[in-house]
Amino acid sequence: MSNDFDAIVIGAGHNGLTAAGYLGKAGLRTLVLERRHVVGGAAVTEEFHPGYRNSIASYVVSLLRPEVIRDLELHQHGYELIHLKGGLEICREDHLYLTGEEANDRAEFGRFSSSDYDAIKRFEAMLEETGTVIRNQWLREPPSLNGGLMDLLGMLKAGRDMHGLSVDLRHRLLQMFTSSAADIIDRWFESPMVRSMYASHCVSGNNASLYHPGSAIPFFHHALGEFDGEKGGWGLSKGGMGQITQAMASFARSKGVEIRTEAVVDKIVVEKGRATGVRLAGGEEISARAILSNADPKRTFLKLVDAEHLPAAFVEDISHLRMGHASLRMNLALNGLPELRDYPGTEMHPQHQSSIVIYPPMDVMEQNYHSAKAGHMPEEPRLDIVIPSTLDDSLAPDGHHVMSILCKYYPFEPADNQQWDDMRDRVADDIVNHLARYMPNIKSLIVGRQALTPQDLERVFGLTGGDIFHGRHDLDQIFSLRPHPSAAKYRTPLKGLYLCGSGSHPGGAVSGAPGHNGAKRVIKDLRKRR
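If you read the sequence shown in my numbering, its first letter stands for residue 1, the second for the next number, and so on.
And the structure:
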């Protein structure tokens with residue numbers, strides 16, 4: 001029986017669209033099915049208050065692979081870059097404004113320590129050199145732990161990259177993977193301000209204790225970022241994150257890919273031990289030679305595939321994947337520019353056009369993690385902020401602004417049987433009150449807001465546990481173990497079913513790497529089957 005398509009991609013998030021673009025480019029008849037009314041997954045731009053548009057979930061660009069940008073011709077299809085102007089770091093009464101210029105940054109750090117600036121430069125150089133080993137693996141399949149010759153060759157490639165490092169750097173790389181963030185911070189930095197700043201870097205990309213072995217891995221997310229050729233750079237997409245995924249969709253359609261929205265996949269159809277298609281919520285069945293899931297591993301294997309089609313031990317392991325990012329996402333519509341406590345006045349400062357991160361001392365961040373595990377809200381949350389309308393006037397009316405805030409740590413299930421639907425507004429009020437300590441006029445400017453709790457992130461975007469990374473980046477959930485040794489090479493234990501989302505190597509963030517890698521595996525396999 002002929003198939004309706006060569007490949008079906010479940011989910012039009014950025015990785016699903018990346019995969020579809022490569023599949024279409026290879027000449028494969030491809031269908032993308034998206035449950036929402038718009039493509040993009042968490043990388044979308046939406047109107048959250050009349051007249052105000054924003055990247056309502058994912059909100060900054062750094063890890064999007066240059067190869068993906070080039071291969072999918074994203075600039076030709078409407079993707080434009082905007083550079084953030086440095087970074088403002090705020091810890092209670094202290095602050096740093098960092099521009100990347102030595103004179104400025106040395107003076108800023110010098111207010112807190114005579115040695116930390118030089119230590120930071122050594123630390124960043126170490127991350128850059130050791131990070132080359134990791135960067136080289138991003139667009140490669142991780143080797144299978146029980147594989148054959150090709151997997152052995154993959155291990156040799158990684159080994160060759162390691163061999164290119166000095167003995168000291170190999171040691172440092174292993175330290176970064178096995179030590180806790182607290183150990184690394186204690187080893188390298190002196191002042192409480194700088195120590196808290198680096199703890200904040202790890203908190204933004206993980207949901208683990210700062211004292212947990214392997215919790216230093218998120219340092220590499222900051223070091224490996226690349227924005228318009230600038231290593232470690234962060235920026236914005238003009239028109240919001242949705243412009244990235246619209247560009248991806250435009251490229252895919254130009255290669256013959258069909259994209260359907262409001263198409264909810266209810267089940268993956270299995271016949272004779274092989275995934276042969278999908279069944280939509282309305283009962284329609286569509287067949288394909290390969291099914292690629294951009295959904296997270298738990299949603300894919302525990303909801304879309306009936307357990308009888310998978311090994312029992314595999315299902316058990318997937319059910320115990322650690323998921324949940326403890327993040328709450330807020331979007332504010334403002335009728336003016338917020339005043340910054342440390343840069344008074346309502347005129348535009350460069351700091352308004354930077355990333356702004358507000359956090360408590362390191363020990364309080366650790367307390368917040370444990371409080372969230374117990375279901376409690378933080379009194380002093382970490383707030384990761386950008387005001388994109390200061391650089392992109394397409395998002396708000398003239399003179400008005402939109403603000404993105406990522407808030408940590410917030411539990412998926414509140415304690416004492418409280419319900420997020422009953423406490424969403426109260427928690428949002430608490431966050432605004434906390435923000436007002438650092439932006440004194442913020443309350444008077446707010447004309448609208450959107451608060452997405454961890455449960456909202458699951459409900460709206462299909463992110464199990466509200467996990468924006470599709471699973472924690474722990475030592476046993478990365479590389480050849482992500483999400484499981486039997487599914488680490490994008491193939492799964494169910495023939496014909498593949499992964500292409502952030503739950504597979506190399507993991508979360510808007511990189512396009514899992515989509516690229518999953519598509520390449522499918523293309524190779526389908527060519528062999530012809």
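Where a beta carbon is used, it is the ideal one built from N, C-alpha and C, also for glycine. What you are looking at is a predicted structure, and each value in this text was computed from that prediction instead of being measured.
Can you tell which of 113, 141, 160, 114 has its C-alpha closest to the C-alpha of residue 556? Outside the displayed range of the chain (1 to 530) lies residue 556, so it cannot be described from this structure.
Residues near residue 116 by beta carbon distance below 8 angstroms, same chain, minus five either side: In the sequence shown, counting from the first residue as 1, residue 116 sits at position 116. Hits under 8 angstroms: 109, 189, 190, 191, 194.
Euclidean distance between Cα positions of residue 469 and residue 342: Reading the sequence shown from its first residue, position 469 is the one you call residue 469. Reading the sequence shown from its first residue, position 342 is the one you call residue 342. In a straight line, the C-alpha of residue 469 is about 33 angstroms away from that of residue 342.
For residue 495, which residues of its own chain have a beta-carbon under 8 angstroms away from its beta-carbon, when the five flanking residues on both sides are left out? Your numbering for residue 495 matches position 495 in the sequence shown. 273, 274, 275.
Those runs of the alpha helix (DSSP H) which lie wholly inside the region 227 to 271 and span at least 4 residues: 242 to 254
Could you check which residue in 489, 519, 509 has the C-alpha nearest to that of residue 145? Walking along the sequence shown from the start, residue 145 turns up at place 145. Among 489, 519, 509, the Cα nearest to that of residue 145 is on 489.
Please name the residue, chosen from 264, 174, 57, that lies closest to residue 531 on a Cα-to-Cα basis. With the chain covering 1 to 530 only, the question about residue 531 has no answer from this structure.
For residue 394, which option in 25, 100, 239 has the closest C-alpha, if you only look at C-alpha atoms? Here the question's residue 394 lines up with position 394 in the sequence shown. Residue 239 is the option with its Cα nearest to residue 394.
Report buried or exposed for residue 167, applying the criterion of at least 16 other Cβ atoms within 10 angstroms of its Cβ. As a first step, residue 167 is located in the sequence shown; it is residue number 167 there, counting from the start. Classification for residue 167: exposed.
DSSP puts residue 491 in a beta bridge; with which residues? As a working note, residue 491 is residue 491 in the sequence shown. In the DSSP output, where bridge partners are listed per residue, residue 491 has 498.
Report all residues from its chain with a CB closer than 6 angstroms to the CB of residue 380; omit the five preceding and five following residues, and keep chain order. One-based indexing of the sequence shown puts residue 380 at position 380. Closer than 6 angstroms at the Cβ level, and outside the excluded window around residue 380, lie 360, 364.
Would you check if there are 3 or more beta carbon pairs closer than 8 angstroms linking the region 446 to 455 to the region 420 to 433? yes
So the alpha helix (DSSP H) residue 357 belongs to, where does it begin and stop? Looking up residue 357 in the sequence shown gives position 357. Run containing residue 357: none in the alpha helix (DSSP H); it sits in the beta strand (DSSP E), 355 to 359.
Can you tell which of 442, 200, 319 has the C-alpha that lies nearest to the C-alpha of residue 464? Taking the sequence shown and counting its residues from 1, one reaches residue 464 at position 464. It is 319.
Helix, strand or coil for residue 137? Go by DSSP, reduced to three states. For the purposes of this step, residue 137 is identified with residue 137 of the sequence shown, where counting begins at 1. Residue 137: helix per DSSP, three-state reduction.
Who does residue 451 pair with in a DSSP beta bridge? For the purposes of this step, residue 451 is taken as the residue at position 451 of the sequence shown. Looking at the DSSP assignment, residue 451 forms a beta bridge with 330.
Close beta carbons around residue 219, own chain, < 8 angstroms, minus the five adjacent residues each side: Residue 219 sits at position 219 when you count from the first residue of the sequence shown. These residues qualify, in order along the chain: 127, 176, 181, 184, 198, 201, 202.
Tell me residue 285's beta-bridge partners as DSSP assigns them. As a working note, residue 285 is residue 285 in the sequence shown. DSSP, once it has assigned bridges, lists 279 as partnering residue 285.
Could you name each continuous beta strand (DSSP E) segment of 3 residues or more that falls completely within the region 43 to 100, going from the start of the chain to the end? 45 to 49, 52 to 55, 81 to 83, 87 to 91, 94 to 98
Residue 390 classed as buried or exposed, judged by whether at least 16 other C-beta atoms fall within 10 angstroms: Mapped onto the sequence shown, residue 390 falls at position 390. Residue 390 comes out buried.
Is residue 363 helix, strand or coil by DSSP? As a working mapping, residue 363 is identified with position 363 in the sequence shown. Helix, per DSSP.
In this structure, does DSSP put residue 401 in helix, strand or coil? Translated into the one-based positions of the sequence shown, residue 401 becomes position 401. Residue 401 falls in the strand class under three-state DSSP.
In angstroms, rounded to a whole number, what distance separates the CA positions of residue 408 and residue 386? On the sequence shown, position 408 is the one that residue 408 refers to. On the sequence shown, position 386 is the one that residue 386 refers to. The alpha-carbon atoms of residue 408 and residue 386 are separated by roughly 15 angstroms.
Just checking my contact of residue 74 with residue 247 at CB under 8 angstroms: how many whole Å lie between their CB atoms? Locating residue 74 in the sequence shown gives position 74, counting from the first residue. Locating residue 247 in the sequence shown gives position 247, counting from the first residue. Contact flag correct, Cβ pair sits at about 4 angstroms.
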